[in-house]
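For the record, the sequence lines run as chains D and L. Throughout, the working numbering is defined as the position within the first sequence, counted from one, plus 166. Throughout, the working numbering is defined as the position within the second sequence, counted from one, plus 4. Even glycine gets a Cβ: it sits at the ideal position worked out from N, Cα and C. Model, not experiment: these values are computed from the prediction. Notes follow once the structure below has been shown.
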Amino acid sequence: MAKILVVTSGKGGVGKTTTSAALGTGLALRGHKTVLVDFDVGLRNLDLIMGCERRVVYDFVNVINGDATLNQALIKDKRLENLYILAASQTRDKDALTQEGVEKVIAELAEDFDYVICDSPAGIEKGAHLAMYLADEAIVVTNPEVSSVRDSDRMLGLLSSKSKRAEEGREPIVEHLLLTRYSPERVETGEMLSVEDVEEILSIKMIGVIPESQAVLKASNQGIPVILDEESDAGQAYSDAVERLLGKDIPHRFLEVQKKGFLKRMFGG
Amino acid sequence: MEQTDLLEQEPEQQAPAFQLKGSMLTLTTLELLSNDLAALDSQLAEKAAQAPDFFRDAPLILALDKRQPGDLPDLAELLTLCRNHGLRPLAIRSEQEEELAAAAAIDLPVLPLSLARDRNLPAQPQPAAPKEPELLPARIINSPVRSGQQIYAKNADLIVTASVSAGAELLADGHIHVYGAMRGRALAGINGNTQARIFCQQLGAELVSIAGQYKIAEDLRRIPAWGNAAQIYLDGEQMHIIAL
Numbered sequence: 167m168a169k170i171l172v173v174t175s176g177k178g179g180v181g182k183t184t185t186s187a188a189l190g191t192g193l194a195l196r197g198h199k200t201v202l203v204d205f206d207v208g209l210r211n212l213d214l215i216m217g218c219e220r221r222v223v224y225d226f227v228n229v230i231n232g233d234a235t236l237n238q239a240l241i242k243d244k245r246l247e248n249l250y251i252l253a254a255s256q257t258r259d260k261d262a263l264t265q266e267g268v269e270k271v272i273a274e275l276a277e278d279f280d281y282v283i284c285d286s287p288a289g290i291e292k293g294a295h296l297a298m299y300l301a302d303e304a305i306v307v308t309n310p311e312v313s314s315v316r317d318s319d320r321m322l323g324l325l326s327s328k329s330k331r332a333e334e335g336r337e338p339i340v341e342h343l344l345l346t347r348y349s350p351e352r353v354e355t356g357e358m359l360s361v362e363d364v365e366e367i368l369s370i371k372m373i374g375v376i377p378e379s380q381a382v383l384k385a386s387n388q389g390i391p392v393i394l395d396e397e398s399d400a401g402q403a404y405s406d407a408v409e410r411l412l413g414k415d416i417p418h419r420f421l422e423v424q425k426k427g428f429l430k431r432m433f434g435g
Numbered sequence: 005m006e007q008t009d010l011l012e013q014e015p016e017q018q019a020p021a022f023q024l025k026g027s028m029l030t031l032t033t034l035e036l037l038s039n040d041l042a043a044l045d046s047q048l049a050e051k052a053a054q055a056p057d058f059f060r061d062a063p064l065i066l067a068l069d070k071r072q073p074g075d076l077p078d079l080a081e082l083l084t085l086c087r088n089h090g091l092r093p094l095a096i097r098s099e100q101e102e103e104l105a106a107a108a109a110i111d112l113p114v115l116p117l118s119l120a121r122d123r124n125l126p127a128q129p130q131p132a133a134p135k136e137p138e139l140l141p142a143r144i145i146n147s148p149v150r151s152g153q154q155i156y157a158k159n160a161d162l163i164v165t166a167s168v169s170a171g172a173e174l175l176a177d178g179h180i181h182v183y184g185a186m187r188g189r190a191l192a193g194i195n196g197n198t199q200a201r202i203f204c205q206q207l208g209a210e211l212v213s214i215a216g217q218y219k220i221a222e223d224l225r226r227i228p229a230w231g232n233a234a235q236i237y238l239d240g241e242q243m244h245i246i247a248l
């Protein structure tokens with residue numbers, strides 16, 4: 167039986183899809199059979215970030231409507247043996263998702279996979295609600311910025327009250343916080359909220375802090391999950407987050423301002 | 005004809021000729037203790053001599069239930085005796101069959117014993133004492149209250165042992181306690197209880213209100229207790245915010 171994860175935030179553009187792609191790839195790299203499900207119907211992005219947009223034939227809505235089987239719609243990742251993607255429909259809107267349909271598809275996926283990662287759309291409406299409804303664990307993606315933190319707080323409230331687990335009175339969803347686009351330099355100058363500030367406001371455990379990095383944009387545009395860029399600090403930070411998700415307790419990196427070395431300073435590296 | 009009768013009974017058709025009203029009258033009760041009418045006569049004469057004004061045309065209830073057991077003196081004779089001393093018996097108080105029959109015979113009203121205040125009542129169930137106000141358990145929240153969440157403690161206190169985020173709202177008819185950072189809105193005594201108070205470990209609220217009186221963050225942040233443990237209460241119209 168799979169563990170169902172939702173990557174959510176409330177606010178748009180904070181890095182949900184980048185995070186879904188990175189975590190899913192990271193889990194698959196470590197031998198866990200993983201499927202990424204794009205819930206952002208109408209604004210399909212996950213397939214672009216995973217670099218499989220040209221191989222999308224059937225999508226999530228087709229499966230829900232019975233136009234295609236799950237096996238027909240699942241796209242196998244070219245790089246990793248045990249990683250699959252279920253793309254969102256670009257031509258439909260979020261009303262095409264029904265609660266029964268979503269439950270049926272996720273239950274079917276949960277039988278075959280170790281991890282089902284639901285990439286939530288922004289907002290707190292139907293699409294976001296359906297993405298988190300069945301989750302066992304949630305990764306709340308936040309930027310170190312007040313409006314993003316406020317929206318994440320709202321989303322945390324919904325996770326604890328509007329999920330299936332909450333409705334059935336079961337153990338609540340395990341909540342993790344993932345801070346993206348973190349810039350220690352800007353924290354030092356007081357322009358950005360620090361890790362401690364965000365942790366204090368939201369009072370949940372941080373599963374990863376992803377530094378602001380050129381590598382993220384580059385990876386997105388190339389359709390390669392940034393976690394595969396092992397040279398980059400963002401890739402390494404996502405790898406650490408995957409380790410923590412799997413239960414390892416490792417210290418956070420990239421929280422301090424990197425002192426430029428002598429040569430770098432000389433040559434302006 | 006019947007039609008006319010019916011119409012005449014319509015209250016709208018006629019000015020009311022009377023109205024009925026309940027009233028409480030204070031009346032003297034003469035409790036007959038002995039069956040000896042001669043003794044009664046002489047003792048009444050003595051009393052009437054002491055207080056002639058009191059005895060002149062005094063309306064009175066004749067209570068027969070306290071007299072010593074024995075044959076009933078002739079009721080008509082008893083009444084005459086009373087009238088001779090200026091007393092005006094209106095009714096008798098009794099529940100003995102023969103006494104009731106005697107009263108009916110001379111068309112004298114009878115009061116039931118229960119109307120008599122001074123009677124030694126048989127042990128009746130005491131009217132239930134007004135119920136002690138029941139203690140409603142406080143509503144206790146142990147997880148953070150998030151933005152957009154609203155928690156209401158109806159007729160009770162509200163205790164939150166975690167932080168309350170900006171955009172969250174706490175409502176209580178009683179007190180509000182927050183053992184964590186208080187960044188949202190807290191409204192205590194919302195049903196008008198001016199005695200309700202707000203206690204918090206770290207005051208950073210967007211708004212605090214007691215019984216409808218409120219202060220917003222803009223005013224609160226100038227107060228020395230801002231960011232620290234504080235207590236908020238009303239003293240008349242004045243809201244006080246003091247460090248804890």
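Identification of chain L residues near L322/D by a Cβ-Cβ cut-off of 9 Å yields P148, R150, S151, S169, ordered along the chain. Within the same chain, and ignoring the five residues on either side of E337/D in sequence, the residues whose Cβ sits closer than 8 Å to its Cβ are R331. For Q23/L, there is no enclosing beta strand (DSSP E), since its DSSP letter is neither H nor E.
For the stretch 363 to 385 of chain D, the set of positions with a beta-carbon nearer than 9 Å to some beta-carbon of chain L reads E366, I367, L368, S369, I370 in chain order. Residues of chain L with a Cβ closer than 9 Å to the Cβ of S326/D are, in chain order, S147, P148, R150, Q153.
When Cβ-Cβ separations below 8 Å define contact, R419/D makes no contact with chain L. Judged by beta-carbon spacing, A188/D lies within the 8 Å limit of P391/D, meaning their Cβ atoms are closer than that value.
As for any beta strand (DSSP E) of minimum length 3 sitting wholly inside the stretch 219 to 244 of chain L, the runs are 234 to 239, ordered along the chain. C284/D sits away from D243/D, with the two beta carbons spaced by 8 Å or more. Segment contact: the stretch 215 to 232 of chain D against the stretch 338 to 345 of chain D, fewer than three CB-CB distances shorter than 8 Å; contact not assigned. The beta carbon of Y183/L lies closer than 6 Å to those of T165, Q205 in the same chain, with the five residues before and after it left out.
With a 10 Å radius around the Cβ and a threshold of 16 neighbouring Cβ atoms, M28/L comes out exposed. If you check each beta-carbon in the stretch 182 to 211 of chain L against every beta-carbon of chain D, none falls closer than 7 Å.
DSSP lists V173/D, D204/D as the beta-bridge partner residues of D285/D. Per the C-alpha coordinates, the member of E365/D, D363/D, E366/D, V382/D positioned closest to R347/D is V382/D. Contact annotation: S151/L and G171/L have beta-carbon atoms nearer than 8 Å. Using a 10 angstroms sphere on the CB of P148/L, the tally of other CB atoms reaches 16 or more, which defines it as buried.
By the Cβ neighbour-count rule, M298/D is buried, with 16 or more other Cβ atoms within 10 Å of its own. Distances from the CA of Q47/L to each of A132/L, A229/L, C86/L, E99/L were compared; the closest alpha carbon is that of C86/L.
The Cβ neighbour count for V423/D, taken over all protein chains shown within 10 Å, is under 16; the residue is labelled exposed. Contact between the stretch 314 to 323 of chain D and the stretch 132 to 147 of chain L is absent: fewer than 3 CB-CB pairs across the two stretches fall below 8 Å. Residue pairing by DSSP puts R143/L in a beta bridge opposite L162/L. For the C-beta of A166/L, the chain D residues within less than 9 Å are, from N- to C-terminus, S369. If you check the CB distance, I236/L and I214/L come in under 8 Å.
At least one beta carbon of chain L lies nearer than 8 Å to the beta carbon of R316/D.
Not one beta carbon of chain L lies nearer than 8 Å to the beta carbon of D233/D. Excluding its 5 nearest sequence neighbours in each direction, A133/L has no C-beta neighbour in its own chain below 6 Å. Within the model, the alpha-carbon separation for E333/D versus H295/D is close to 13 Å. Taking the Cα positions, A49/L is about 37 Å away from K25/L. Here K292/D carries a helix assignment [DSSP, helix/strand/coil].
With contacts defined by Cβ atoms closer than 8 Å, A62/L and G90/L form a contacting pair. The three-state secondary structure of S186/D, taken from DSSP, is helix. Inter-segment contact for the stretch 229 to 237 of chain D and the stretch 394 to 411 of chain D is absent: fewer than three beta-carbon pairs are separated by less than 8 Å.
The alpha-carbon of P113/L is positioned some 40 Å away from that of K135/L.
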